Structure formats: structure tokens, C-alpha cells
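Here's the structure we're looking at; comments come further down.
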Amino acid sequence: MSAVTWARRRSALARFWQQYRRQRAGVVGAVVLLVFVVLAVITPLITDRTGMDVTKATGDKMAPPSLEFLLGTDESGRSILLMILWGSRVSLLIGFLSALLSMVIGTVVGIAAGHFRGWASATLMRITDWFLVLPSLVLALVLSAILGGSTSTIILAIGITSWASTARLIRAQTLAVEARPYIERSKALGAGHWHVMTRHVLPNVAPLVLANTTLQVASAIVAESTLAFLGADSGQASWGQLLRGSYDWGAATAGAWWYILAPGLCIVAVVLAFTLCGRAMEAVLNPRLRGVSR
Amino acid sequence: MATPLETEPAAVQTAAGPGEDRPAYRGTLRYALTKLGGALLSIGMVIVATFFLFRLIPGDPVIAYTRDVPLSPDQIELLRRQMGLDKPLMQQFADFVLRTLQFDLGTSYEYKRPVTDLIGERVGPTLLLTGVGLFIAVSLGLWQGTRAAWHHGGRLDRFSTGVSLVLWSVPTFWLGLLLLMVLGAGIGPIPGLFPTRGMESVDAPDGFGYVLDVAHHMVLPCLTLVAVVYAQYLLVMRSSLLDEIGQDYVTTARAKGLRDDMVRRRHAIPNALLPTVTLVFIHIGFVVGGAVSVETVYSWPGLGLLFYEAIKGPDFAVMQGTFMVVCVAVIIMNTLADVAYHVLDPRVRSA
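Listed in order, the protein sequences are those of chains B and D.
Using UniProt numbering, the letters of the first sequence correspond one by one to residues 1 to 294.
Using UniProt numbering, the letters of the second sequence correspond one by one to residues 1 to 351.
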């Protein structure tokens with residue numbers, strides 16, 4: 001790509017950042033996210049994984065928060081704080097990767113359905129609508145139950161069941177972009193399908209895709225925790241898995257509030273942060289929303 | 001395009017072209033038939049997808065389906081023939097479709113009973129819970145959404161939007177666990193006010209007392225379901241009404257000197273209501289997901305709990321049956337909402 005294009009992209013990015021900075025909620029969300037991501041990354045450096053081992057747990061069983069265990073302990077005496085820190089790596093990873101998968105499927109299907117005409121587009125939209133209507137949680141549960149529990153199957157299950165709304169959004173945007181005169185000019189100069197889709201449509205829908213992915217990560221994290229709670233876990237100690245344990249060991253009836261509250265609050269904080277960021281991005285990128293949502 | 005499921009009603013207006021000079025009811029009929037065809041196609045896709053999905057189960061299907069039941073090689077051979085596994089794939093597929101169309105969903109080896117019977121037993125509680133929950137959530141969401149949009153930018157608006165965003169971020173099951181801990185089991189000085197599991201007490205009285213007992217058991221599950229789903233209705237109603245408030249006819253109504261309350265009740269709300277209600281039904285799949293979580297947390301004896309137990313088993317026959325029933329129900333609800341919208345809203349019809 002030429003230097004002119006890069007300069008233009010850079011100035012667009014600077015403009016985006018200036019407008020994003022004015023969205024207070026978006027900035028708060030970004031800061032919260034940054035804290036969680038940094039903590040997840042440095043967890044292996046600041047903590048010892050052996051504490052996660054049931055046989056090497058040092059604390060009392062279901063002990064309330066104390067100076068030694070800031071967030072209390074679980075049913076076998078492991079520190080909840082330690083489990084949350086290690087769990088954040090699993091939850092965030094699954095959230096990011098499944099949102100990425102859903103974004104790729106959604107973008108490809110959306111652009112193709114918007115670009116092509118006739119039966120190809122109709123078939124793609126038919127499939128999209130089908131996925132849109134079906135209860136995604138139920139489908140994801142069935143998928144993960146059939147494919148067996150591992151991190152990759154959970155990512156696959158969430159990604160496959162959540163791309164439909166993205167595809168619809170991208171298709172609408174593609175139709176709008178392709179109605180512009182420069183696309184016609186490009187076609188007149190001999191541009192093929194591939195050129196139009198990747199060089200003209202994709203850069204135009206990319207910002208929207210980004211905002212949508214941010215929102216998608218939020219729902220993917222909720223989906224992962226729900227799947228883990230309902231028994232379709234990845235075999236790794238994620239936040240949802242932690243809550244599953246609290247339910248299995250009767251933490252709610254035993255009054256062990258630290259066991260339920262801490263992992264749940266982490267999920268809510270991260271999901272809310274992603275949602276705030278996504279909404280702020282949408283507000284900046286979609287002029288129609290500007291002035292309406294504050 | 002065959003039959004798009006329009007989430008944006010405005011797009012229908014621009015898409016309609018032919019049939020302008022025909023009587024309105026014929027257009028509606030044609031629309032309904034197209035939608036019906038689309039729904040049948042979707043249901044067909046569910047059946048096909050189910051068949052092939054459940055062929056993906058690793059290992060011998062006979063072992064997978066009969067889990068835990070000790071079998072001799074002869075019995076396995078017999079079951080294999082009963083399940084039709086010795087036939088070619090296409091034959092198996094045809095048999096499966098035929099049986100499904102006759103509402104024969106196979107037998108659960110966990111319960112040793114036909115899946116259809118099991119589902120029939122569990123439908124009632126689920127309909128009760130989701131029906132009451134949806135009713136409360138829709139009324140509350142629409143009411144608060146209206147208030148928020150009308151006082152757009154005010155304190156109530158900001159508060160409502162904030163609360164909705166938080167509720168949207170909360171996993172359903174976690175909210176259920178919290179309520180279970182605080183209001184069900186009781187914590188610290190708060191005594192346990194509501195039962196924590198099931199739908200009725202062991203010693204439930206007859207008659208009116210039974211109704212009260214069930215209602216008592218339903219408070220917490222219902223509260224959880226409402227809290228999670230009402231937020232999105234609020235947001236949808238809010239943005240839908242905000243769209244209407246900007247329209248010329250609202251300005252005209254105001255210019256005529258109508259009272260504010262009158263403008264809202266007679267002019268803006270009816271127009272904002274239709275797209276909202278349709279969206280509510282189109283997103284019914286979301287409610288189903290919520291119901292599975294809620295029923296699991298509170299052991300509410302509905303379809304969601306049956307499905308959860310099937311996943312946990314795993315009892316593939318029950319899983320397969322519940323999956324198909326839930327999907328078909330959701331597709332039917334969607335189609336009905338779509339057609340009803342078309343009939344009720346003259347803006348879509350006459351365009």
C-alpha cells in the first residue's frame with residue numbers, strides 16, 4: 001500500500017482516538033480491561049501454580065477472607081484469589097478467541113451475502129437467519145457435549161453459535177458501501193469480485209467489525225461461564241468453572257459468599273468493560289448514533 | 001431473498017415493490033405463506049442438523065446412548081439393529097426423519113421411557129415459569145423504557161440505561177446464585193424467605209393452598225429471569241420510542257396543543273410498541289437460554305432442567321429430543337410474531 005494511504009489511515013486513527021477519548025464510559029472500560037489483561041499476563045510471574053493443586057492446598061476448608069487468603073478459600077482449602085487470577089487467563093483467552101472466530105465467520109458471510117446476488121446470497125442469508133433464530137446457548141451446549149470438553153471445542157461451540165448477528169450487520173453495511181459510485185467506477189475499470197470485496201468493502205466495514213467484536217467478546221465470556229456452569233467445561237479452571245464448584249459444594253446455602261461473589265464480580269466487571277468499550281466505539285464510528293446515546 | 005427475518009422493520013418498506021394495486025389481504029396472505037415456507041425450511045434444517053450432529057459423537061453410538069447399562073454382546077447387536085445402525089446412512093436418515101415427523105423421539109435409557117413422554121411432563125412448568133416471567137419482564141421493560149425515552153437524558157434515563165447495561169453483563173446463573181444465597185438460604189441477619197429448589201413442597205396442600213405453594217417456589221426463579229431479560233426490552237423500547245419522538249407527526253400533535261401525556265399515549269407509544277414487541281419475540285431464543293440456567297440453579301422441574309440433566313448424563317436421546325423441541329418451538333414463535341407484525345402494522349403492509 002502506498003505511503004499516502006498509510007498517512008490517511010494514521011490521521012483517521014488519530015481522529016478516532018480523539019473522539020473516543022471524549023466518551024467517558026469508554027475510557028473507564030478500557031482502563032478496567034487493561035488492568036485485567038495485564039494481571040492475567042503477569043499471573044505466572046507473581047504467583048505459584050502449585051497452590052491450584054488440591055493436594056497441596058494450605059488453607060482451611062471454605063474459610064472466609066483473611067489476611068493470608070484475601071478472598072477466602074474453596075472447599076479444599078485453595079485460595080480463591082489465586083484461582084481467580086489463573087482463571088482470568090482461561091476466561092479471557094476463550095472470550096477473545098471465540099469472538100475472533102465468530103467475527104471471521106460473520107464478516108466473510110456478511111460481505112459475501114452483500115456482494116453477490118441471487119441464490120448464493122439467498123442461501124447465505126437463509127443460514128444466517130437460521131442461526132439467528134435458534135437459541136445459541138442450547139446449540140452451544142449440544143455442540144460441546146457432542147465434541148467433548150476441551151478449550152478448543154468450547155471456543156468452536158461459542159464461535160459457531162454467535163456469528164449470525166455480525167453477518168447481518170456486515171451485510172447491511174456492505175450493501176450501503178456497494179451502492180456508492182466509486183465501486184461502479186472500480187468495476188468499470190475491470191475490478192473482479194475479490195478486488196472489490198477485499199480492497200473496497202473490507203476497509204469500509206473494518207471499523208464496524210472491530211466495534212462489534214468488542215461487544216462479541218463480552219457475550220462470549222458470559223457464554224463461556226454459562227457453559228462451564230451447565231457442565232460443558234473446558235477442563236481448565238475458568239471463572240465459570242469456579243462458580244460451578246461453588247454450586248456443587250453448596251456455597252450458597254452454606255453462606256460462603258466470598259466463593260460466589262468474587263468470581264461473579266470479575267465476570268461482570270470484564271463483560272461490562274468490554275460492553276462500554278464497544279458502545280463507545282460504535283458511538284464514534286456510527287454517526288447515526290451520535291447525539292442520541294450519551 | 002427467500003424469507004429474511006427482518007429485525008429492522010424499516011427495511012421491509014423499501015423492499016416491497018410488486019402487488020401495490022392488489023387488495024391488501026392478498027399481500028398479507030402471500031407474506032404469511034412465504035414466512036410459513038421459511039419456517040418449514042428452518043424446521044427441516046433443524047432435523048437434518050440434529051441427525052448429522054448426533055452422528056459426530058465419538059465411539060459406538062449404542063454404548064453412548066445406553067451409558068452405564070451393562071450389556072452383553074448379543075444385546076448390543078440387538079440394539080444396533082433396533083437403532084437401525086446396521087443400515088446404510090441414507091436409510092438411517094430417512095428412518096430418523098420419518099420417526100421425528102411422527103413425534104417419536106426415541107427412548108431414554110437413563111429413564112427407560114420414551115423421550116416424548118418425558119418432554120410432555122416437563123413442558124408445563126417451563127411454560128408457567130417463562131410465561132409469567134416474560135409477562136412481567138415485557139410490561140416492566142416497556143413501561144420503564146417509555147419513561148426513560150420520554151425524559152431522554154434525564155436522571156431516570158441515565159439510571160435505567162446504566163442498570164440495563166449491568167444486568168446485561170450479569171450471567172443469569174450467577175444472579176440466580178446470588179438471589180439463592182441472599183433470599184433463599186438467608187445470610188447473616190437475613191432469614192431464608194423463599195424455597196431454594198423445586199416447584200412444590202413435599203407436603204403441599206391441595207386446592208388454593210397448592211397454588212400459593214407453587215407461587216412461593218416461583219418467586220426466585222421468576223425474579224432472576226425477569227431481571228435478566230427485562231433489560232433488553234427496556235433498551236429496545238427506549239430506542240424505538242426515541243426514533244418516533246423525532247418524527248413530524250409528534251411535533252404536529254404537540255403543535256395542535258395536545259397535552260404531553262396524550263401525545264405520548266395516543267401517538268408515539270402505539271407506533272413504537274409494534275417493532276418492540278416483534279423484537280421481543282424474535283429474541284425468544286435468548287429467553288430460552290436464560291430459562292435453562294434459571295431452571296438448573298433452582299432445580300425447577302422444566303424442560304431446561306431435563307436438558308441440563310441430559311447434558312450432564314450424557315443422555316443423548318433426551319438431549320436430541322429436547323434440542324429439537326426447543327428449536328422448533330422458537331422457530332414457530334418467531335414466525336407467528338413476524339406474521340402478526342405484518343398484519344398489525346399498516347405501514348409495513350401498504351408500503
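Quick reminder that beta carbons are idealized off the backbone N, C-alpha and C, glycines included.
Computed from a prediction, not measured in an experiment: that's the story for all the values here.
Who are residue i's beta bridge partners in DSSP?
{"i": "D:ARG114", "result": "Before going on, a small fix: residue 114 of chain D reads as Pro here, not Arg. The partner list for D:PRO114 (beta bridge, DSSP) reads D:THR107."}
{"i": "B:SER79", "result": "B:THR73"}
For residue i and residue j, I'd like the C-alpha separation in whole angstroms.
{"i": "B:VAL284", "j": "B:VAL209", "result": "13 Å"}
{"i": "B:ILE42", "j": "B:ALA254", "result": "33 Å"}
{"i": "B:ALA280", "j": "B:LEU134", "result": "29 Å"}
{"i": "D:GLY131", "j": "D:ASP248", "result": "37 Å"}
{"i": "D:ILE136", "j": "D:SER201", "result": "24 Å"}
{"i": "D:SER139", "j": "D:GLN75", "result": "55 Å"}
{"i": "D:ARG197", "j": "D:THR116", "result": "25 Å"}
{"i": "B:PHE131", "j": "D:LEU128", "result": "27 Å"}
{"i": "B:ALA191", "j": "B:ARG185", "result": "9 Å"}
{"i": "B:LEU276", "j": "D:LEU305", "result": "33 Å"}
{"i": "D:ALA148", "j": "D:LEU156", "result": "6 Å"}
{"i": "D:PHE208", "j": "D:MET218", "result": "15 Å"}
{"i": "B:ASP248", "j": "D:ILE43", "result": "36 Å"}
{"i": "B:LEU139", "j": "D:PHE323", "result": "8 Å"}
{"i": "B:LEU33", "j": "B:VAL270", "result": "6 Å"}
{"i": "residue 374 of chain D", "j": "B:ARG89", "result": "The displayed coordinates of chain D run from 1 to 351. Any statement about residue 374 of chain D would go beyond what the structure contains."}
{"i": "B:GLY278", "j": "B:PRO207", "result": "11 Å"}
{"i": "residue 307 of chain B", "j": "B:TRP194", "result": "Absent from the model: residue 307 of chain B. The displayed extent of chain B is 1 to 294, so no value can be given."}
{"i": "D:GLY106", "j": "D:GLU77", "result": "18 Å"}
{"i": "D:ASP203", "j": "D:PHE194", "result": "16 Å"}
{"i": "D:LEU101", "j": "D:ILE47", "result": "9 Å"}
{"i": "D:VAL250", "j": "B:TYR259", "result": "52 Å"}
{"i": "D:PRO70", "j": "D:PRO314", "result": "16 Å"}
{"i": "B:THR166", "j": "B:SER152", "result": "21 Å"}
{"i": "D:GLY124", "j": "D:ARG81", "result": "35 Å"}
{"i": "D:LEU223", "j": "D:GLY154", "result": "27 Å"}
{"i": "B:ARG117", "j": "B:VAL27", "result": "41 Å"}
{"i": "D:ARG254", "j": "D:ILE269", "result": "14 Å"}
{"i": "D:PHE286", "j": "B:TRP119", "result": "30 Å"}
{"i": "D:TYR65", "j": "B:LEU202", "result": "46 Å"}
Taking residue i and residue j to be in contact with their CB atoms under 8 Å, please state how far apart those CB atoms are, rounded to whole angstroms.
{"i": "D:ALA329", "j": "D:THR278", "result": "With 8 Å as the limit, D:ALA329 and D:THR278 do not qualify as a contact, their Cβ atoms being about 17 Å apart."}
{"i": "B:LEU81", "j": "D:LEU56", "result": "Their Cβ separation, rounded to whole angstroms, is 39 Å, which puts B:LEU81 and D:LEU56 out of contact at 8 Å."}
{"i": "D:PHE54", "j": "D:GLN320", "result": "5 Å"}
{"i": "D:PHE51", "j": "D:PHE93", "result": "6 Å"}
{"i": "residue 370 of chain D", "j": "D:TYR233", "result": "Nothing about residue 370 of chain D can be reported from this structure: the residues present for chain D run from 1 to 351 only."}
{"i": "B:LEU85", "j": "B:THR47", "result": "6 Å"}
{"i": "D:THR172", "j": "D:VAL228", "result": "5 Å"}
{"i": "B:GLY72", "j": "B:TRP163", "result": "39 Å between Cβ atoms; not a contact."}
{"i": "B:SER144", "j": "B:GLN216", "result": "About 18 Å; that fails the 8 Å criterion."}
{"i": "B:ASN212", "j": "B:LEU169", "result": "6 Å"}
{"i": "B:MET62", "j": "B:ARG78", "result": "Incorrect: roughly 11 Å between the Cβ atoms, too far for contact."}
{"i": "B:ASP233", "j": "B:GLY114", "result": "That belief does not hold up - the Cβ atoms of B:ASP233 and B:GLY114 are roughly 37 Å apart, past 8 Å."}
{"i": "B:SER237", "j": "B:GLY87", "result": "Note that residue 237 of chain B is Ala in the sequence shown here, rather than Ser. The pair is a contact, with the Cβ atoms about 5 Å apart (cut-off 8 Å)."}
Residues of the region 228 to 244 of chain B with Cβ closer than 8 Å to any Cβ of chain D, in chain order | Within the region 228 to 244 of chain B, the qualifying residues are PHE229, LEU230, GLY231, ALA232, GLY240, LEU243.
So does the region 175 to 195 of chain B actually touch the region 237 to 248 of chain B, counting three or more Cβ pairs closer than 8 Å?
-> no
Are the region 172 to 184 of chain D and the region 260 to 270 of chain D touching, with three or more C-beta to C-beta distances below 8 Å?
-> no
For the region 251 to 263 of chain B, which residues have a beta carbon sitting closer than 9 Å to at least one beta carbon of chain D?
-> Those would be ALA251, ALA252, THR253, ALA254, GLY255, ALA256, TRP257, ILE260, LEU261, PRO263, in chain order.
Please name the residues in the region 286 to 297 of chain D whose beta-carbon is closer than 7 Å to at least one beta-carbon of chain B, in chain order.
-> Along the region 286 to 297 of chain D, going in chain order, the ones with a CB nearer than 7 Å to a CB of chain B are VAL288, GLY289, VAL292, SER293, THR296.
Answer yes if the region 267 to 278 of chain D comes into contact with the region 203 to 213 of chain D, meaning at least three C-beta pairs across the two stretches below 8 Å, and no otherwise.
-> Touching, no, given that fewer than three Cβ pairs across the two stretches are closer than 8 Å.
Is there contact between the region 304 to 320 of chain D and the region 148 to 158 of chain B, where contact requires at least three CB pairs shorter than 8 Å?
-> no
Below 8 Å, can you find three or more Cβ-Cβ pairs linking the region 219 to 239 of chain B to the region 96 to 112 of chain B?
-> Under the 8 Å Cβ criterion, the region 219 to 239 of chain B counts as touching the region 96 to 112 of chain B, having at least three qualifying pairs.
Identify each residue in the region 164 to 176 of chain D for which the Cβ-Cβ distance to at least one residue of chain B is less than 8 Å, and report them in chain order.
-> LEU165, VAL166, TRP168, SER169, VAL170, PRO171, THR172, PHE173, TRP174
If you measure beta-carbon to beta-carbon, which residues of the region 193 to 208 of chain D are closer than 9 Å to chain B?
-> THR196
If we count Cβ pairs, one from each stretch, closer than 8 Å, do we get three or more for the region 116 to 129 of chain B versus the region 52 to 69 of chain B?
-> no
Taking a cut of 7 Å between CB atoms, which residues from the region 98 to 115 of chain B lie near chain D?
-> From the region 98 to 115 of chain B, no residue has a Cβ closer than 7 Å to chain D.
Is the region 255 to 264 of chain B close to the region 195 to 212 of chain B, with three or more CB pairs under 8 Å?
-> no
Using a beta-carbon distance cut-off of less than 7 Å, what residues from the region 317 to 351 of chain D approach chain B?
-> MET319, PHE323, VAL326, CYS327, VAL330, ILE331, ASN334
Compile a chain-ordered list of the residues in the region 262 to 281 of chain B whose CB is closer than 7 Å to at least one CB of chain D.
-> GLY264, ILE267, VAL268, VAL271, LEU272, THR275
Name the residues in the region 33 to 51 of chain D whose C-beta lies less than 9 Å from a C-beta of chain B; which are they?
-> Among the residues of the region 33 to 51 of chain D, those with a Cβ less than 9 Å away from any Cβ of chain B are GLY38, LEU41, SER42, MET45, VAL46, ALA49, THR50, in the order of the chain.
Which of the residues in the region 128 to 146 of chain B, read from start to end, lie with their CB under 7 Å from any CB of chain D?
-> ASP129, TRP130, LEU132, VAL133, LEU134, PRO135, SER136, LEU137, VAL138, LEU141, VAL142, ALA145, ILE146
Selection of the region 220 to 238 of chain D by Cβ proximity to chain B, strictly under 8 Å = In summary, no residue of the region 220 to 238 of chain D has a CB separated from any CB of chain B by less than 8 Å.
What residues in the region 208 to 225 of chain B bring their beta carbon closer than 8 Å to a beta carbon of chain D?
-> ALA218, VAL222, SER225
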